[in-house]
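Using this note's numbering, read the sequence shown as starting at 62 and increasing by one per residue.
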Amino acid sequence: MRIASFAPYKEHETRLRDQTRHMQADRLIFRDAMSQLGSAVCVIGTNGKAGRYGITVSAVTSVSDEPPSLIVCVNRGSGANAPIKQNGQLCVNVLAFDQQPVSDAFSSPAIAPEERFGTGEWSESALGNPKLENTAAYFDCEVDKAVEYGTHTVFFCRVADVNVSNKRNCLIYHGRAYHGLRSMTER
Numbered sequence: 062m063r064i065a066s067f068a069p070y071k072e073h074e075t076r077l078r079d080q081t082r083h084m085q086a087d088r089l090i091f092r093d094a095m096s097q098l099g100s101a102v103c104v105i106g107t108n109g110k111a112g113r114y115g116i117t118v119s120a121v122t123s124v125s126d127e128p129p130s131l132i133v134c135v136n137r138g139s140g141a142n143a144p145i146k147q148n149g150q151l152c153v154n155v156l157a158f159d160q161q162p163v164s165d166a167f168s169s170p171a172i173a174p175e176e177r178f179g180t181g182e183w184s185e186s187a188l189g190n191p192k193l194e195n196t197a198a199y200f201d202c203e204v205d206k207a208v209e210y211g212t213h214t215v216f217f218c219r220v221a222d223v224n225v226s227n228k229r230n231c232l233i234y235h236g237r238a239y240h241g242l243r244s245m246t247e248r
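Written out as structure tokens, the structure is:
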């Protein structure tokens, strides 16, 4: 009787282990590379049957101007994920350059969700969402669709109301740090 060799299995196991290490390194490089994509700092506010909740995000982008729509990406493990889904609406508050304390409050796990609204001046949007005053812009939205992808939920949102301040530059997050903007002609 001949006994089969397990060498091919061990070789396959070794290749998988090496691929996993390579994928992990790629994940870290991916995160470092993504930190080079500067983006506006936003606080997402939602209110409705699931209650009021807010979170700092930088993963917001337009989808279309007809109809006006955007996407917001929220980590599935975030406390804001379920309230946004249940409320079916949100307000994207694009922070102005001097509103970093608001960003810090809404990204801090040490501050209770309702206490975060003690930072900044808040009102209610047309849809009833938390709207921060003196922002660079805001988008009051209804959630059309939520798609689970990897670690995040991608919320496709239809914009019901929008406002922009031409006198307030937004706060930018780039290279894991906050930055203000100035025009190249101002140098």
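We treat Cβ as the ideally placed atom computed from N, Cα and C, and that holds for glycine. Source: prediction; values computed, not measured.
Selection from the options that minimises the alpha carbon distance to residue i
i	options	result
Val-220	Ser-123, Ser-96, Cys-103	Ser-123
Ala-187	Pro-162, Ala-101, Thr-107	Thr-107
Gly-109	Cys-202, Glu-127, Ile-145, Phe-178	Ile-145
Val-102	Tyr-199, Phe-216, Val-215	Tyr-199
Outcome for residue i when other beta-carbon atoms lying within 10 angstroms are tallied against a minimum of 16
i	result
Leu-242	exposed
Tyr-115	A quick correction: the sequence has Gly, not Tyr, at residue 115. Classification of Gly-115: buried, given that the 10 Å Cβ count is 16 or more.
Lys-228	exposed
Tyr-210	exposed
Asn-224	exposed
Ile-64	In this prediction, Ile-64 has a pLDDT of 49, which is less than 50 and means its spatial position is unreliable; what the coordinates show is noted afterwards. Ile-64 comes out exposed.
Lys-206	exposed
Ala-238	exposed
Pro-170	exposed
Asp-201	buried
Arg-113	buried
Gln-160	buried
Phe-91	exposed
Boundaries of the beta strand (DSSP E) in which residue i is found, first to last residue
i	result
Ala-221	213-225
Leu-193	191-193
Cys-202	198-210
Glu-185	183-185
Ala-171	Run containing Ala-171: none; DSSP gives neither H nor E here.
Residue j beta carbon less than 7 angstroms from that of residue i
i	j	result
Leu-131	Cys-218	yes
Gly-181	Val-163	yes
Asn-136	Ala-111	no
Phe-261	Leu-232	Residue 261 lies beyond the range of the chain shown here (62 to 248); nothing can be said about it.
His-235	Cys-134	no
Trp-183	Pro-191	yes
Val-104	Phe-167	yes
Distance cut-off 6 angstroms: residue i Cβ against heavy atoms of the ligand MG
i	result
Asn-224	This structure lacks the ligand MG; in fact it carries no ligand of any kind.
Sequence ranges, alpha helix (DSSP H) only - wholly within the stretch 99-162, length at least 4: Taken in chain order, the complete alpha helix (DSSP H) segments of 4 residues or longer contained in the stretch 99-162 are 142-148.
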